[in-house]
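Q:
Residue numbers (the working numbering), protein chains in the order written: chain A, 1 to 289; chain B, 1001 to 1272.
Below you can see the structure in the form of structure tokens.
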């Protein structure tokens, strides 16, 4: 009896300890990254670091603006391609495709999530880089990065969008059809608007994955630290910049790489918070209905 | 029975802790019986692996762990005592901590283009102009009318630092150069782009790329060894103090006749 009481009293502390692990890890990452980055912020200065355009860390140039622009450029490029593609695929899976097609397509999309990013990078080098070289430049470019990222974020966008389209109450669709709308009008004017918050959340989560991707970006963007002026120019992303140089960095150079980490951390935190707001709003909207 | 159920929860972490402790103890004891840890330059890494394999074949009681990381990592780790030996692929400067250098080998740096490029020779000034971005078309150096894609290594790489010191001097490598983060990745990038030019450790040369002569001197091992090919850098094993014990044995093996034979076989230039 005593033992059962003991377990009952203490089990919650055990699960609490398990649950706090993830929080502790998050806090440890934040604190450690900040502490390592601090010397860079102090010695280089926040403005110079964020808005400087020269990155020559072994010669005192610590501007990461080109990498910020690079990250945003490949991510935006990927989003422009992935949003229509992903949404189209989600509509097909949720509304149009017969059961058998869906049974084939869904696992394919899910497998895409599990492919390691280095494999995406390899395919990028073998296929996309030479293809872009035909158009102009060396092939290692913003465009190559954006195309590889498109493939990587599609599954996220597709599966979350599909789920939220499916979660739209059935009576919405029935109501629209009863009013004389055809299938396409129902999808475009009723289902997608009703699933808007979920779709937005999927897009933003995909964006988070895109901006944090390092390996595939190192392999296909060319890693040149410059603000790209055309999609065919090489560029370097924030995450790629850390991964390329951390092996060789020491002293202030290393601190500067951690400062890039802090910038990336804040960016991803912001992106995920926005996604969470949208997801919650979506859930509330459906609760009300 | 009830008591037994309660204990099940506690057993799991206890067993885990016991396992971890066992591993830690085993890890510690193997250090005492002869493990040498080495890390640093990725140029030295393949050579060091072969040397370590040969050394441990005759000394099975010794375990040698070879890691990469780069010259900067090698210098930092050996200085703070993380490893016994650090590897460097460039000359040490006054900015580096004072360490004991053992010259392991020397390595040339070749200017490489894909085999399809008809160019076979460049002057040093042309190389500087190409990498600095003052020459941007192959026709300016006698080649086809095509743009030049400069491929380089990332900041902090020993090969880049050596190339900067030995070839570029005060001139800077153009900021929009494509950067690759290892010798292997750079070779792949150059071999697949008909317009590319890059620089590579002689030890990594193979038929997928073509090494250019500089000032008329072909980039070969023989020319690097006799001093006619100008771009040659030292490869060092670094220790915190004069090496002792098994670390001394290993370094002596590497710099001695048997080790130097392996150095030559691997395509590097012997220390002497």
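Even glycine gets a Cβ: it sits at the ideal position worked out from N, Cα and C.
(1) Would you say residue 1036 of chain B faces chain A, with C-beta separation under 9 Å as the test?
(2) So, at 7 Å on beta carbons, what are the nonlocal neighbours of residue 201 of chain A in its own chain, with the 5 sequence-adjacent residues on each side left out?
(3) In terms of DSSP beta bridges, what is residue 150 of chain A paired with?
(4) Flag this pair as yes or no: are the beta carbons of residue 223 of chain A and residue 1180 of chain B separated by less than 9 Å?
(5) Thinking C-beta only, is residue 103 of chain A closer than 9 Å to residue 255 of chain A?
(6) What's the gap between the Cα of residue 47 of chain A and the Cα of residue 20 of chain A?
(7) Quick one: using the 10 Å Cβ neighbour count with 16 as the cut-off for buried, is residue 132 of chain A buried or exposed?
(8) Does DSSP put residue 1239 of chain B in a helix, in a strand, or in coil?
(9) Return the first residue and the last residue of the alpha helix (DSSP H) that residue 1277 of chain B is part of.
(10) Could you pull out every residue in the same chain whose Cβ sits closer than 8 Å to the Cβ of residue 1145 of chain B, ignoring the five residues on either side in sequence?
(11) Flag this pair as yes or no: are the beta carbons of residue 1103 of chain B and residue 1271 of chain B separated by less than 9 Å?
(12) Shortest alpha-carbon distance to residue 268 of chain A belongs to which of A:259, A:205, A:249?
(13) Between the alpha carbons of residue 1237 of chain B and residue 228 of chain A, how many angstroms are there, rounded?
(14) Buried or exposed for residue 188 of chain A, going by 16 or more other Cβ atoms inside 10 Å?
(15) What is the DSSP secondary structure of residue 105 of chain A, counted as helix, strand or coil?
(16) Compare the C-beta of residue 137 of chain A against all C-beta atoms of chain B and say whether one is closer than 9 Å.
(17) Which residues share a DSSP beta bridge with residue 1149 of chain B?
(18) Three or more C-beta pairs under 8 Å: does that hold for the segment 163-177 of chain A against the segment 232-251 of chain A?
(19) At a Cβ threshold of 9 Å, is residue 258 of chain A touching chain B?
(20) Flag this pair as yes or no: are the beta carbons of residue 1249 of chain B and residue 1055 of chain B separated by less than 9 Å?
(21) Below 8 Å, can you find three or more Cβ-Cβ pairs linking the segment 231-246 of chain A to the segment 137-148 of chain A?
(22) Just checking: is the beta-carbon of residue 1195 of chain B within a distance shorter than 9 Å of some beta-carbon in chain A?
(23) Just to confirm my understanding: we take residue 1241 of chain B, look at its own chain, exclude 5 residues before and 5 after, and list those with CB closer than 8 Å. What are they?
(24) Restricting to Cα atoms, I'd like to know which of B:1176, B:1142, B:1067 is closest to residue 1046 of chain B.
(25) Output the distance between the C-alpha atoms of residue 1032 of chain B and residue 55 of chain A, rounded to the nearest integer angstrom.
(26) CB-CB under 7 Å to residue 1201 of chain B, same chain, minus the five flanking residues each way: which ones, in chain order?
(27) Which residue marks the beginning of the alpha helix (DSSP H) containing residue 244 of chain A, and which one marks its end?
(28) Would residue 299 of chain A pass as a contact of residue 66 of chain A if the rule is Cβ separation under 9 Å?
(29) Can you confirm whether the segment 115-126 of chain A touches the segment 207-222 of chain A when touching is taken to mean that 3 or more C-beta pairs between the two stretches lie within less than 8 Å?
(30) Got a sec: does the ligand GTP put a non-hydrogen atom nearer than 8 Å to the Cβ of residue 127 of chain A?
(31) According to DSSP, is residue 1157 of chain B helix, strand or coil?
(32) Establish whether the CB of residue 1072 of chain B and some CB of chain A are separated by less than 9 Å.
(33) DSSP three-state call for residue 16 of chain A: helix, strand or coil?
(34) Please return the same chain residues whose Cβ sits closer than 8 Å to the Cβ of residue 195 of chain A, not counting the five positions on each side in sequence.
(35) Under a Cβ-count criterion, where at least 16 other Cβ atoms within 10 Å of its own Cβ denotes burial, should residue 91 of chain A be classed as buried or exposed?
(36) Express the C-alpha separation of residue 258 of chain A and residue 1095 of chain B in angstroms, rounding to a whole number.
A: By the coordinates alone:
(1) Counted from its first residue, the second chain places residue 1036 of chain B at position 36. With its beta carbon at least 9 Å from every one in chain A, residue 1036 of chain B lies outside the interface.
(2) Position 201 of the first chain, counting from 1, holds the residue named residue 201 of chain A. Cβ within range, chain order: 160, 275, 278, 279, 282.
(3) Translated into the one-based positions of the first chain, residue 150 of chain A becomes position 150. Residue 150 of chain A pairs with nothing; no bridge assigned.
(4) Taking the first residue of the first chain as 1, we reach residue 223 of chain A at position 223. Taking the first residue of the second chain as 1, we reach residue 1180 of chain B at position 180. For residue 223 of chain A and residue 1180 of chain B, yes; Cβs fall inside 9 Å.
(5) Along the first chain, one-based indexing puts residue 255 of chain A at 255. Along the first chain, one-based indexing puts residue 103 of chain A at 103. Not closer than 9 Å, so no.
(6) Counting from one through the first chain, the residue named residue 47 of chain A turns up at place 47. Counting from one through the first chain, the residue named residue 20 of chain A turns up at place 20. If you take the alpha carbons of residue 47 of chain A and residue 20 of chain A, they lie about 36 Å apart.
(7) Residue mapping note: residue 132 of chain A aligns to position 132 of the first chain, counting from 1. Classification for residue 132 of chain A: buried.
(8) Looking up residue 1239 of chain B in the second chain gives position 239. In this structure, residue 1239 of chain B counts as strand in the three-state DSSP scheme.
(9) Because chain B is modelled from 1001 through 1272, residue 1277 of chain B falls outside the range shown and cannot be assessed.
(10) Looking up residue 1145 of chain B in the second chain gives position 145. Closer than 8 Å at Cβ, skipping near neighbours: 1137, 1138, 1139.
(11) The residue given as residue 1103 of chain B occupies position 103 in the second chain. The residue given as residue 1271 of chain B occupies position 271 in the second chain. Against a cut-off of 9 Å, the Cβ pair of residue 1271 of chain B and residue 1103 of chain B comes out as a contact.
(12) Counted from its first residue, the first chain places residue 268 of chain A at position 268. Nearest option by C-alpha distance: A:205.
(13) Mapped onto the second chain, residue 1237 of chain B falls at position 237. Mapped onto the first chain, residue 228 of chain A falls at position 228. If I take the Cα positions, the gap works out to 41 Å.
(14) Residue mapping note: residue 188 of chain A aligns to position 188 of the first chain, counting from 1. That one is exposed.
(15) What you label residue 105 of chain A is simply residue 105 of the first chain in a count that begins at 1. In this structure, residue 105 of chain A counts as helix in the three-state DSSP scheme.
(16) By one-based count along the first chain, residue 137 of chain A stands at place 137. Yes, contact with chain B.
(17) The residue given as residue 1149 of chain B occupies position 149 in the second chain. Answer by DSSP bridge pairing, in chain order: B:1196.
(18) Result no; under three Cβ-Cβ pairs closer than 8 Å.
(19) Indexing the first chain from 1 puts residue 258 of chain A at position 258. For residue 258 of chain A, no Cβ of chain B is located within less than 9 Å of the residue's own Cβ.
(20) Looking up residue 1249 of chain B in the second chain gives position 249. Looking up residue 1055 of chain B in the second chain gives position 55. A distance below 9 Å separates the beta carbons of residue 1249 of chain B and residue 1055 of chain B.
(21) Look at the beta carbons and you see the segment 231-246 of chain A touching the segment 137-148 of chain A: at least three pairs across the two are nearer than 8 Å.
(22) For the purposes of this step, residue 1195 of chain B is taken as residue 195 along the second chain, with counting starting at 1. Yes, because at least one Cβ of chain A sits closer than 9 Å to the Cβ of residue 1195 of chain B.
(23) In the second chain, counting from the first residue as 1, residue 1241 of chain B sits at position 241. Only 1100 meet the Cβ criterion.
(24) Your numbering for residue 1046 of chain B matches position 46 in the second chain. Residue B:1067 is the option with its Cα nearest to residue 1046 of chain B.
(25) In the second chain, residue 1032 of chain B corresponds to position 32, counting from 1. In the first chain, residue 55 of chain A corresponds to position 55, counting from 1. For residue 1032 of chain B, the predicted model reports a pLDDT of 40, less than 50, meaning its position is unreliable; a value from the coordinates is still stated below. Cα-Cα distance, rounded: 44 Å.
(26) Against the second chain, residue 1201 of chain B aligns to sequence position 201. The residues are 1043, 1107, 1109, 1159, 1183.
(27) Along the first chain, read from residue 1 onward, the residue named residue 244 of chain A stands at position 244. Taken as a continuous stretch (DSSP letters only), the alpha helix (DSSP H) holding residue 244 of chain A covers 238-245.
(28) No answer is possible for residue 299 of chain A: the residues shown for chain A start at 1 and end at 289.
(29) yes
(30) Among the ligands in the structure shown, none appear at all, so the ligand GTP cannot be discussed.
(31) For the purposes of this step, residue 1157 of chain B is taken as residue 157 along the second chain, with counting starting at 1. Three-state DSSP puts residue 1157 of chain B in coil, outside helix and strand.
(32) As a first step, residue 1072 of chain B must be located in the second chain, where it is residue number 72. Chain A contact via Cβ: present.
(33) Your numbering for residue 16 of chain A matches position 16 in the first chain. If DSSP states are grouped into helix, strand and coil, residue 16 of chain A belongs with the helices.
(34) The residue labelled residue 195 of chain A in the question sits at position 195 within the first chain. Within the same chain, residue 195 of chain A has close Cβ partners 161, 164, 165, 167, 168, 282.
(35) Sequence index remark: in the first chain, residue 91 of chain A carries index 91 (1-based). It is buried - the Cβ of residue 91 of chain A has at least 16 other Cβ atoms within 10 Å.
(36) The count along the second chain starts at 1 and reaches residue 1095 of chain B at position 95. The count along the first chain starts at 1 and reaches residue 258 of chain A at position 258. Distance between the alpha carbons of residue 1095 of chain B and residue 258 of chain A: 22 Å.
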